[in-house]
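Visitor: Chains as they are written, first to last, in this note's numbering: chain A, 1 to 574; chain B, 575 to 1148; chain C, 1149 to 1437; chain D, 1438 to 1726.
Think of the CB as a built atom: it goes at the ideal place given N, C-alpha and C, for glycine as much as any other residue.
Given the structure is predicted, the values throughout are model-derived calculations rather than measurements.
Below you will find the structure I want to go over with you.
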Amino acid sequence: MSGGSNFERGEWNLLLAGEAGQGLQVVEALLSEAFRQEGYCVFSGQEFMSRIRGGSNSTLLRIGSGPVRAWSDRTDLAIVFDGKALSRLEKRLQAETLILGDGLQKAGRGRILDVPLRRLAQEAGGALFVNSVGAGILWGIFGGRPEVLDNAVRASFSGKEAALVEKNLAAAGSGLEAGRKLKDSGRVSLALAGPAAVGEGLHLSGTEAIALGAMAGGCNFVFSYPMSPATGIVTFLARHGHDSGILVEQAEDEIGAANMVLGAWYAGARGMAATSGGGFALMSETISLSAMTETPMVVVLAQRPGPATGLPTRTEQGDLQLALGAGHGEFPRVLLAPGNPEQGFALARESFDLADSCQVPVILLADQYLLDSHFDLIAPLRTEAPPQAAIVETTAGYRRYLLTPSGISPRGVPGWGEGLIGVDSDEHDESGHITEDLELRIKMVDKRLRKFGSLAEKAIPAEWLGPEGASHLAVCWGSTLEIVREALACLGRQDLAALHFSQVFPLPEASRQQLERAKCPILVEGNATGQFGVLLTQHWGVRWRHRLLKYNGLPFSVEEVASGLRRILQGEGA
Amino acid sequence: MSGGSNFERGEWNLLLAGEAGQGLQVVEALLSEAFRQEGYCVFSGQEFMSRIRGGSNSTLLRIGSGPVRAWSDRTDLAIVFDGKALSRLEKRLQAETLILGDGLQKAGRGRILDVPLRRLAQEAGGALFVNSVGAGILWGIFGGRPEVLDNAVRASFSGKEAALVEKNLAAAGSGLEAGRKLKDSGRVSLALAGPAAVGEGLHLSGTEAIALGAMAGGCNFVFSYPMSPATGIVTFLARHGHDSGILVEQAEDEIGAANMVLGAWYAGARGMAATSGGGFALMSETISLSAMTETPMVVVLAQRPGPATGLPTRTEQGDLQLALGAGHGEFPRVLLAPGNPEQGFALARESFDLADSCQVPVILLADQYLLDSHFDLIAPLRTEAPPQAAIVETTAGYRRYLLTPSGISPRGVPGWGEGLIGVDSDEHDESGHITEDLELRIKMVDKRLRKFGSLAEKAIPAEWLGPEGASHLAVCWGSTLEIVREALACLGRQDLAALHFSQVFPLPEASRQQLERAKCPILVEGNATGQFGVLLTQHWGVRWRHRLLKYNGLPFSVEEVASGLRRILQGEGA
Amino acid sequence: MMGKNPFDLEVEDIAWCPGCGNFGILAALKQSLAELGLAPTEVVLVSGIGQAAKLPHYLAAHFFNGLHGRALPVATAIKAANPALTVVAESGDGDMYGEGGNHFLHAIRRNPDLAHIVHNNMVYGLTKGQASPTSSRGFQTPLQVRGVASEPLNPLTLALSLRASFVARAFAGDIPRTVEILKQAIRHKGYALVDILQPCVTFNRVNTFGWFRKMTYYLEGHDVTDPEAAYRRASESDRLPLGVFFAAAGRATFEGSTGLYEEHTTPLFRRPVDAARLGALIETFRRAP
Amino acid sequence: MMGKNPFDLEVEDIAWCPGCGNFGILAALKQSLAELGLAPTEVVLVSGIGQAAKLPHYLAAHFFNGLHGRALPVATAIKAANPALTVVAESGDGDMYGEGGNHFLHAIRRNPDLAHIVHNNMVYGLTKGQASPTSSRGFQTPLQVRGVASEPLNPLTLALSLRASFVARAFAGDIPRTVEILKQAIRHKGYALVDILQPCVTFNRVNTFGWFRKMTYYLEGHDVTDPEAAYRRASESDRLPLGVFFAAAGRATFEGSTGLYEEHTTPLFRRPVDAARLGALIETFRRAP
Ligand SMILES: Cc1ncc(C[n+]2csc(CCOP(=O)(O)OP(=O)(O)O)c2C)c(N)n1
Ligand SMILES: Cc1ncc(C[n+]2csc(CCOP(=O)(O)OP(=O)(O)O)c2C)c(N)n1
Ligand code: SF4
Ligand code: SF4
Ligand SMILES: [Mg+2]
Ligand SMILES: [Mg+2]
């Protein structure tokens, strides 16, 4: 993202803009496939309105010779399928941005270049095919091989009827030709340094990574009530899970879903619910039930801007406080927040083991940005060694809430052994029966709270990014990981590092010193009140020198974080 | 509560113990009435099991020549209607305690004195009358005038059929005689210094005080789903509110109740819901809706021990964290926590004005101890100057979310004026219509958060108890006020004071210095994790030297707090 | 109707798909309100979340666009706080019969004077095509990949089983007849359900305009005061009858039964606190002198 | 039954009032389970919160005593995770028809193989006597001081309107006949509602043992496979019929329709993760070489 041509940078940022229903996702998938076929690294991310047709959406597609894995505001080339989009995108266009479109009105930054999108689409069979035309044009400008594009079209439309595939091939082909002409005319040139294939060759969205991680964690029961941006996790598991013995059921509401999850775990299955802030708020009472009955529970909290319905298709890190306070009474819980698909997979998997081994509710905080973005993976996914469920065969006289030093009692399930499994929402004795013995009450509270000990042992340390011992430290959590990482790389300073938390509660004590050592801690968070910052102040007494907050519904861009940090460092005289 | 005879102390602590259904509340009401008639100050509090019949409950009745307004563990005289109770009460009996009962087995501390409870009850007409017999005995031991007891019996049974009243009068009379004999025999002597009538002459439970305060605040719409210990507030308003034009409706569930409250406020009424932790958790999403639509809302959160169903009839200060985090997204809210009936009345009233003037959700945190205890009032209740609703007549073109410097927009209601009142759960423009304008999003977030400014101006400062400038400071909130006050009085130290918060969020900045000045802050809280302490650490960086926590379901007693503080001060070498 | 409809609102951009059945419902509702001679300032629309729930943004009236599933309790309270208002609760089938199912049951029992309009497209539109409680068995979606296995909920028989005071079904493809039904529902004193069959042209490729046309017919010669007949007709599933199934006159309404409006109908927001009465109540807690 | 009932549990102190109808339900349930030849380790009781919901503490079986209103979703999931278990959801009328109303609707639609027992005392017992959804009009309580104004909910017609696969009503005062009904319900493959009329001797002075005796009679010669007849009989309100109103054989159950138990019935807790299959799925996201 530093200066220079995109050739020198070894990356190319494309912006696709249009209405809902114009098939931006097809262009995204098609070009991702094509560029990846050619060995390039691809990142894509979406911002869209809460509607099914019309409106104005856009997709960012970053193509890199090396790793590109974060949201960016720089646009080398935009293709605009619908004129309305232009004003909304103003902030993401630069003077050097080339804007391809069909009869666009000049308005602000960037250079407009007319391309016959509509005519070519009509020729290929109708307005419907404008997306394939557009993809073809971009591929032509890039100078890609036609057969790669053809393959990508076939892959994207696999399973569709042959006539449709043919028309799309034709549309892409005519676009390709138009793109080539543009390239040959010299009016556009977006060459890239050769590809340096990175990492795993896997390409996953946050949604896919978390869903696969859940499968790896042994998830076999998914209850949900649809809610953006969580729904994709559930539909992924519905599509791919059945053969693996995963039951996916749409509940009547989120309260039903959460209680089904508890029923599943009680019976020895591994249940999960996925929802967003509003649905999670409704589950609040059930989180408390999970804690009281010591029945494990995994919930994905896919954040979007609130309060209430807010901006339902956009992103924010605004529900940490909710997750920390959800449920009445006092009990341990775990909050994990992946920063990229690798972590999404690993932490989803880990959620099940943590819930199982410590018998606590585990909440996985994701957000629309992470879930809807596609990344090339750098690190491998651990699929070997399937989890071992921490359940026991019971004998007669089994007591579900046996008081133990760790606070964790061996968990039996009905149908295995001679014992009876009794769990209770009231305060209870060791057998799970209601008690009003107030001495026992204290013992049971202490037992539940003792689990903080085991959780502390298992806490995942924060990840240090950048130079050791830097005086200035950007602190972030969850989905901002790769954005901050790239911003740091851009700035390339020795006095600036970052600390990224993928476990946000309980805080990993191992990371405390790293944070305390920093002279100038800077909070980077995607919300308006700095919720994670508050948590760190509360627990570790961190006093923030600066806060970089964003809450307009879009993710941070690499450029924003870099310039924000630069400004802060300059202000500090660093 | 310091040493010496109860005569010297000028107070007398009675403990009534029996099964649910044995009418302890009748004895409580009857003796409260009788002692108050004689000019004494009376405090009573209950601890009971979650059942309708049987079990083992007890009521504390404190009679004072001067003010007595807090829970105590000292028992001068216990009357036991059911033998099972004895072992449960062990901790509240002292060597000098006199235990009256019928064929009790000696077990532990205290001196047993047989009284013919059952026989006298049978003679009066059956086991049913054992409570009136007991009340009579106590009144006899005290040496009270028979006509005062008669009046109290008549008052307690007013509205009941004449034959029943007569039987109770007879039962009380025969008890009185037995009590007199005991007193005359010299085996019991519990004389008191003469009464020094205090304060207002009003005697109210926390429940009654809050319900009356709501009425004073203009509450005219109550929606609830029954839940202990909140139900009493609702039934009080159902009984007494109708003539004042208050509508009380039982909702199908707490989510329905909370949404009805919002509907009521939207239409210009003043709605309230009352619930406990579990029900409040269910309202979590709606709290967020209140914030987003900027529709006022008042909820009483009557705390009891959790998690989940916990100990449903007992007390705890365990839901502060829930109240702080409830609702997704970011928005201002107000949490008030009365410490006695005077504050209960004033803050319930204030809740409506705050909600109305700042258009935010206001949560009143009470607990079973405060709600179910009866106090003699010291300060008057402000009933004059009824509140002025902050609603406006609208004109055509009215915009519900007009951006203003304070963040508060004039609130119109449908049916008054030419404007249209549109409110929206999505992010919206000034007219209340859905928007995806991300610049406007920022303006609206900032608008909502700006209300923290008005709230800061209105924040209620904490109350300082004890000597100015004391080095050691006990910090408490909500229902512990009078307990801590009396403990301080008992200890009578110059180096110890207390600070009581009746507004717990946003914290009253005016009180910050007082807290920061204290050398040794000591947290006193009725929960296991010190939730309010955590909040103070987070916002004001308070570092606790000591924490006095209690979470067995009973309130702190004056003795516990006093001895706890004494121990701490000794440890500190103070 | 001639001339401009006072409920018309200039809207830059309606968020519905072209051809969606919601347009018909919007048109029919505006026409009904206008034909009933109501002014926008007399009408409150209360909705939840979903495509259907966006309707209040497209006509001129007061509105409370609240949470998914929660329109009915909000609407019930508004009506009770100010019975002079005409209150319409409207939202999607997922909203009203799924998330909001419990409020549906108990609103019927309470019988507030509301029109309750449900856009029944047999699918979750806004969240992109999952099954709704009214989706047919076997209906395949990205979530119900093996097809819906549950029995579809029949809102009419359900409402009738709870003794709803007015129950009707309409079809968004027939604006004139829908207007007639809506007018009756709005005029009806008490709770009035209008389940409107609404094609979702994007996510429901089974229950299309054509399908509904083929599968529906209007009730004729039906006695709307006969609850048994209503239930029988509402149970029909070969073809779905349209029209008013049941209408009970003279039932007490929720707001009526509160007793608050017996003496006068002043809305609550105009009623001051009666400080004297409150003072007198407090006095009952004072120690007798 | 002779000899000791394996479901007997020694309980120090039962929290119900002497004479409460709950004792009859407890006795009937224990006898039913025993007569069906079940062992305590095969049976899971799932309840909510209330007086009725304490029942699982008074017999020997697995139990999940969860939140007020939430027994049905928990029970549905338990059964689906391990169909070999006999799962009984039981709780009070407030719990199941009030707070839990939405789960009631949708559990019926799903048709899990559960027995669903509702202790219908027409009052909220544990919270001391407020109206429940089944309380009669005019029923006065400390909260409903002017008497209940809402229409009482008829759980039987409601369930039938949703095409419940088994619907019955019993009376806690008649243990032998209640045992017969419960046994049929537990044996029934699919969702089975048994609404048990239960006198609350403390808070309901209207619907007493005597009142129920007078107001009920047993269905005779009734065809349980006829849904229309079932609905008609269930609508009766002069006197309340007892017995099985409807029973549909051969309907697909929720857990059956998942397809998870077609090849084998191993409960989920015994099924390991198929790492190879997962690996293969992940491979589909790898760049073609
Ligand atoms: C508590 C909650 N859960 C889930 C959602 C997500 N959501 C929004 S609309 C909708 C369903 C829409 O379906 P329907 O009510 O039938 O309306 P339609 O879009 O079909 O008109 C859902 C599940 C939400 N907003 N809030
Ligand atoms: C969410 C929630 N709301 C309210 C309560 C309080 N509560 C406990 S039991 C009960 C009602 C009991 O009535 P019912 O279900 O009819 O059972 P019964 O006691 O009559 O057997 C209520 C409202 C609760 N525990 N949880
Ligand atoms: S998704 Fe369906 S219901 Fe929603 S606007 Fe489009 S066609 Fe209409
Ligand atoms: S309160 Fe009623 S339902 Fe509860 S145990 Fe007593 S009699 Fe039975
Ligand atoms: Mg729908
Ligand atoms: Mg009941």
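Any idea what DSSP makes of ILE995 of chain B, helix, strand or coil?
Guide: Residue 995 of chain B sits at position 421 when you count from the first residue of the second sequence. Coil.
Visitor: Check whether the Cβ of VAL1116 of chain B lies closer than 7 Å to any heavy atom of ligand 3, and answer yes or no.
Guide: Counted from its first residue, the second sequence places residue 1116 of chain B at position 542. Answer for VAL1116 of chain B: no, Cβ out of range of ligand 3.
Visitor: Anything in chain A within Cβ reach of GLY1531 of chain D, meaning under 9 Å, just list it in chain order.
Guide: For the purposes of this step, residue 1531 of chain D is identified with residue 94 of the fourth sequence, where counting begins at 1. Ordered by position in chain A, no residue passes the 9 Å Cβ test against GLY1531 of chain D, which lies about 16 Å from the chain.
Visitor: I'd like to confirm the pairing. Which residues does DSSP put opposite THR1234 of chain C in its beta bridges?
Guide: Looking up residue 1234 of chain C in the third sequence gives position 86. Its beta-bridge partners are C:VAL1191.
Visitor: Cβ closer than 9 Å: which chain B residues qualify as neighbours of THR1645 of chain D?
Guide: Sequence index remark: in the fourth sequence, residue 1645 of chain D carries index 208 (1-based). Here the premise fails: no neighbours, minimum Cβ distance about 16 Å.
Visitor: If we count Cβ pairs, one from each stretch, closer than 8 Å, do we get three or more for the segment 1099 to 1111 of chain B versus the segment 1016 to 1031 of chain B?
Guide: Touching, no, given that fewer than three Cβ pairs across the two stretches are closer than 8 Å.
Visitor: Specify whether the segment 1595 to 1604 of chain D and the segment 1538 to 1549 of chain D touch according to this definition: at least 3 beta carbon pairs, one from each stretch, less than 8 Å apart.
Guide: The segment 1595 to 1604 of chain D, when compared against the segment 1538 to 1549 of chain D, does touch it at the 8 Å Cβ threshold.
Visitor: Can you give me, in chain order, the residues of the segment 1250 to 1270 of chain C that have a beta carbon less than 9 Å from any beta carbon in chain D?
Guide: The residues in question are ASN1250, HIS1251, PHE1252, LEU1253, HIS1254, ILE1256, ARG1257, ARG1258 and ASN1259.
Visitor: For THR480 of chain A, which three-state DSSP category applies?
Guide: Working through the first sequence from its first residue, we reach residue 480 of chain A at position 480. THR480 of chain A: helix per DSSP, three-state reduction.
Visitor: Measuring straight from C-alpha to C-alpha, what distance separates ASP1663 of chain D and THR1350 of chain C?
Guide: Position 226 of the fourth sequence, counting from 1, holds the residue named residue 1663 of chain D. Position 202 of the third sequence, counting from 1, holds the residue named residue 1350 of chain C. Near 39 Å, if we compare the C-alpha coordinates of THR1350 of chain C and ASP1663 of chain D.
Visitor: Is GLY1127 of chain B a contact residue of ligand 3, with contact defined as CB to any heavy atom under 7 Å?
Guide: One-based indexing of the second sequence puts residue 1127 of chain B at position 553. It does not: the Cβ of GLY1127 of chain B is nowhere closer than 7 Å to a heavy atom of ligand 3.
Visitor: Assuming MET846 of chain B is part of the beta strand (DSSP E), what are its boundary residues?
Guide: The sequence position of residue 846 of chain B within the second sequence is 272, counting from 1. Note, MET846 of chain B: beta strand (DSSP E), 845 to 849.
Visitor: Below 6 Å CB to CB, which residues in the same chain sit around VAL739 of chain B once its five sequence neighbours on both sides are set aside?
Guide: Translated into the one-based positions of the second sequence, residue 739 of chain B becomes position 165. These residues qualify, in order along the chain: PHE731.
Visitor: Could you work out which residues of chain A lie near ILE1173 of chain C, taking near to mean beta carbons separated by less than 7 Å?
Guide: Against the third sequence, residue 1173 of chain C aligns to sequence position 25. Neighbours of ILE1173 of chain C on chain A: none; closest Cβ ~16 Å, over 7 Å.
Visitor: What residues of chain B sit near ALA1568 of chain D, judged by a beta carbon separation below 9 Å?
Guide: Counted from its first residue, the fourth sequence places residue 1568 of chain D at position 131. Simply GLN824.
Visitor: Could you give the first and the last residue of the continuous beta strand (DSSP E) run that contains GLU1657 of chain D?
Guide: Translated into positions along the fourth sequence, residue 1657 of chain D becomes position 220. Where GLU1657 of chain D is concerned, there is no enclosing beta strand (DSSP E), given that its DSSP letter is neither H nor E.
Visitor: Within the present structure, is the beta-carbon of ALA337 of chain A separated from the nearest heavy atom of ligand 5 by less than 7 Å?
Guide: For the purposes of this step, residue 337 of chain A is taken as the residue at position 337 of the first sequence. Answer for ALA337 of chain A: no, Cβ out of range of ligand 5.
Visitor: Give the interface partners of GLY1338 of chain C over in chain B, defined as CB-CB distance under 9 Å, in chain order.
Guide: Start at 1 with the first residue of the third sequence, and residue 1338 of chain C comes out as number 190. Those do not exist, as GLY1338 of chain C stays about 17 Å from chain B at its closest Cβ, beyond 9 Å.
Visitor: Taking 8 Å as the cut-off, does the segment 908 to 918 of chain B touch the segment 736 to 753 of chain B (at least 3 CB pairs, one atom from each stretch)?
Guide: Taking 8 Å as the limit for Cβ pairs, the verdict is that the segment 908 to 918 of chain B does not touch the segment 736 to 753 of chain B.
Visitor: Considering Cα atoms alone, identify which of A:VAL153, A:LEU311, A:GLU208 and A:THR383 is closest to ASP1711 of chain D.
Guide: For the purposes of this step, residue 1711 of chain D is taken as residue 274 along the fourth sequence, with counting starting at 1. If we check each option's Cα against that of ASP1711 of chain D, A:THR383 comes out closest.
Visitor: Please go through the same chain and pick out, in chain order, the residues whose beta-carbon is closer than 6 Å to the beta-carbon of MET292 of chain A, but skip the five residues on each side of it.
Guide: Within the first sequence, residue 292 of chain A is the residue found at index 292, counting from 1. Closer than 6 Å at the Cβ level, and outside the excluded window around MET292 of chain A, lie SER425.
Visitor: Quick one: any contact between the segment 534 to 547 of chain A and the segment 1106 to 1121 of chain B, if contact means 3 or more CB pairs under 8 Å?
Guide: Touching, per the Cβ criterion.
Visitor: Looking at chain B, which residues of the segment 195 to 207 of chain A have a Cβ within less than 9 Å of any of its Cβ atoms?
Guide: Listed by position, the residues of the segment 195 to 207 of chain A near chain B (Cβ gap below 9 Å) amount to none.
Visitor: What span of residues does the beta strand (DSSP E) with PHE1075 of chain B cover, start to end?
Guide: The count along the second sequence starts at 1 and reaches residue 1075 of chain B at position 501. Segment 1070 to 1075, the beta strand (DSSP E) holding PHE1075 of chain B.
Visitor: I'd like to confirm something about GLY657 of chain B: is its beta-carbon nearer than 7 Å to some heavy atom of ligand 4, or not?
Guide: Position 83 of the second sequence, counting from 1, holds the residue named residue 657 of chain B. No, Cβ of GLY657 of chain B sits at least 7 Å from all heavy atoms of ligand 4.
Visitor: May I have a chain-ordered list of the beta strand (DSSP E) segments no shorter than 3 residues that lie completely inside the segment 851 to 919 of chain B?
Guide: 871 to 877 and 908 to 910, all fully within the segment 851 to 919 of chain B.
Visitor: Indicate whether at least one CB of chain D lies closer than 8 Å to the CB of LEU786 of chain B.
Guide: In the second sequence, counting from the first residue as 1, residue 786 of chain B sits at position 212. Taking Cβ atoms only, chain D never reaches closer than 8 Å to LEU786 of chain B, which makes this a no.
Visitor: Is there contact here, the segment 1657 to 1673 of chain D with the segment 1566 to 1578 of chain D, by at least three beta-carbon pairs under 8 Å?
Guide: Taking 8 Å as the limit for Cβ pairs, the verdict is that the segment 1566 to 1578 of chain D does not touch the segment 1657 to 1673 of chain D.
Visitor: So, helix, strand or coil for THR1275 of chain C, using DSSP?
Guide: Reading the third sequence from its first residue, position 127 is the one you call residue 1275 of chain C. THR1275 of chain C falls in the coil class under three-state DSSP.
Visitor: What residue from D:LEU1473, D:ARG1507 and D:LEU1470 has the CA that sits closest to SER1484 of chain D's CA?
Guide: Residue 1484 of chain D sits at position 47 when you count from the first residue of the fourth sequence. Comparing Cα-Cα distances from SER1484 of chain D to each of D:LEU1473, D:ARG1507 and D:LEU1470, the minimum goes to D:ARG1507.
Visitor: Let's test the definition: count the other Cβ atoms within 10 Å of the Cβ of LEU1215 of chain C and tell me whether it reaches 16, buried, or not, exposed.
Guide: The residue given as residue 1215 of chain C occupies position 67 in the third sequence. Buried is the call here.
Visitor: Got a sec: does ligand 5 put a non-hydrogen atom nearer than 7 Å to the Cβ of ASN1269 of chain C?
Guide: Counted from its first residue, the third sequence places residue 1269 of chain C at position 121. ASN1269 of chain C Cβ: within cutoff of ligand 5.
Visitor: When every heavy atom of ligand 5 is checked, does at least one fall within less than 7 Å of the C-beta of TYR1272 of chain C?
Guide: Mapped onto the third sequence, residue 1272 of chain C falls at position 124. At least one heavy atom of ligand 5 is nearer than 7 Å to the Cβ of TYR1272 of chain C, so yes.
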